[in-house]
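Here's the structure, in structure tokens; my notes come after.
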Amino acid sequence: MKILVQSSGIDVVPGIIAELRRHRPQWSFVAWPSDEPCDYLVCWKPPAELFARQPALRAVINYGAGVDALLAMNVVPDGLPIIRLEDAGMAQQMAEYALYGVLHHHRKFGRYAVQQRARHWQQWEDRASSFRPTVGVMGLGEMGGTVARRIAAFGYTTLGWARSRHAIDGVECFAGQDGLAPFLARCNVLVSMLPLTADTRGLIDGALLSRLPMGAFLINAGRGDQLHDVDVLAALDSGRLAGAMLDVFHTEPLPAHHRFWSHPNVIVTPHIAATTPIRDACEQIVTKIDSLARGEPVSGIVDRVRGY
Ligand code: NDP
Ligand code: OXD
Numbered sequence: 023m024k025i026l027v028q029s030s031g032i033d034v035v036p037g038i039i040a041e042l043r044r045h046r047p048q049w050s051f052v053a054w055p056s057d058e059p060c061d062y063l064v065c066w067k068p069p070a071e072l073f074a075r076q077p078a079l080r081a082v083i084n085y086g087a088g089v090d091a092l093l094a095m096n097v098v099p100d101g102l103p104i105i106r107l108e109d110a111g112m113a114q115q116m117a118e119y120a121l122y123g124v125l126h127h128h129r130k131f132g133r134y135a136v137q138q139r140a141r142h143w144q145q146w147e148d149r150a151s152s153f154r155p156t157v158g159v160m161g162l163g164e165m166g167g168t169v170a171r172r173i174a175a176f177g178y179t180t181l182g183w184a185r186s187r188h189a190i191d192g193v194e195c196f197a198g199q200d201g202l203a204p205f206l207a208r209c210n211v212l213v214s215m216l217p218l219t220a221d222t223r224g225l226i227d228g229a230l231l232s233r234l235p236m237g238a239f240l241i242n243a244g245r246g247d248q249l250h251d252v253d254v255l256a257a258l259d260s261g262r263l264a265g266a267m268l269d270v271f272h273t274e275p276l277p278a279h280h281r282f283w284s285h286p287n288v289i290v291t292p293h294i295a296a297t298t299p300i301r302d303a304c305e306q307i308v309t310k311i312d313s314l315a316r317g318e319p320v321s322g323i324v325d326r327v328r329g330y
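Quick note: the sequence shown uses this note's numbering, first residue 23, plus one each step.
Right, here's the structure in full:
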């Protein structure tokens with residue numbers, strides 16, 4: 023069995039090979055670029071030429087949860103299964119990220135950070151009101167499902183929205199286009215954990231934001247192309263949005279001139295909401311390849327038409 027490993031961006035290839043080899047010392051490993059015929063590909067944003075140079079591949083394993091970049095290239099031969107990572111240690115990180123954003127907004131930590139820089143002491147807590155924001159999570163898969171459960175367990179009224187109907191203890195779930203407006207109308211914090219697909223591209227625009235309660239807070243860790251940046255900035259400037267915490271952007275790294283960097287009510291993080299932990303990921307990859315090699319079903323097969 024020969025496994026080809028490729029990664030764009032941060033060079034994780036030696037680490038992945040070492041970890042896979044620790045699990046399966048009997049397998050051979052090849053780092054891209056190579057024309058040695060391989061059986062399985064583990065990749066993150068591979069170059070188009072890879073598939074022409076590797077005609078013997080039996081499956082592609084996406085070294086991450088989102089497959090939008092891979093599908094957008096449109097170079098993976100038809101019939102070659104694409105399998106993505108499922109959770110693999112990322113969902114817990116996502117829950118931490120989202121919870122941090124919810125607490126930041128709810129407990130006004132942004133305001134207190136500004137006050138500290140001015141050595142200004144002022145309490146903003148409203149002792150007469152017990153208002154707690156209702157949190158709505160878009161996408162209830164590996165990431166969003168865990169995020170919604172953890173936020174609900176933390177005591178926030180939690181709503182969830184997905185394409186299909188879900189049943190999650192402690193989370194009021196909405197589905198499809200019909201469920202979107204009643205869901206949004208109650209979200210004081212809106213969290214996007216959606217994959218980028220033809221249906222979700224540009225979804226978070228002025229029309230969607232206008233359905234949120236005044237002064238809502240937006241958290242986006244799905245993909246940057248889900249946001250209409252100009253509309254988000256307009257909503258921030260008008261107070262429709264009290265603030266936003268954004269991890270993913272149309273262009274990454276986020277260009278230096280982008281207003282998100284300097285907006286006083288925006289927190290920018292550099293696509294770190296959930297990074298792929300090599301150990302968890304490789305353990306899952308080994309299990310998936312074992313099943314594929316035995317001709318058994320594997321989970322995480324990407325539906326190319328649906329886009330996730
Ligand atoms: P899943 O495929 O497990 O879940 C996707 C969820 O989105 C499902 O609940 C699905 O609905 C829902 N969904 C998809 N399309 C629509 C739509 N048109 N309308 C409503 N709901 C929709 O994906 P993951 O949870 O594993 O990952 C989600 C995304 O998170 C990734 O694609 C990636 O973009 C992003 N991500 C970002 C990271 C970061 O560090 N910022 C790290 C990891 C992932 P249904 O259940 O009905 O199918
Ligand atoms: C992913 C990501 O999709 O890190 O795994 O964004």
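Glycine is no exception: its CB is placed at the ideal position from the N, C-alpha and C atoms.
Bear in mind that the values here come from a model prediction, so they are computed numbers and not experimental data.
query	result
Backbone secondary structure at VAL169 - three-state DSSP	helix
Proximity test, PRO217 beta-carbon vs the ligand NDP heavy atom, cut-off 6 angstroms	yes
As assigned by DSSP and simplified to three states, the class of PHE51	strand
Inter-stretch contact at 8 angstroms, needing at least 3 Cβ pairs: the region 175 to 190 / the region 200 to 215	yes
First through last residue of the alpha helix (DSSP H) which encompasses GLY198	198 to 206
Check: ALA94 C-beta below 6 angstroms from any heavy atom of the ligand OXD	no
One or two residues paired with THR180 in a DSSP bridge	VAL157, VAL193
Distance cut-off 6 angstroms: ASP221 Cβ against heavy atoms of the ligand SAM	This structure simply doesn't include the ligand SAM; it includes the ligand NDP and the ligand OXD instead.
The ligand OXD heavy atom lying under 6 angstroms from the CB of GLY31	no
TYR330 Cβ short of 6 angstroms to the ligand NDP heavy atom set	yes
4 or more residues per run - each alpha helix (DSSP H) lying fully within the region 252 to 304	281 to 284
Backbone CA spacing between VAL252 and HIS272 [nearest angstrom]	12 angstroms
Residues that ILE83 bridges to, as DSSP identifies them	VAL64, ILE105
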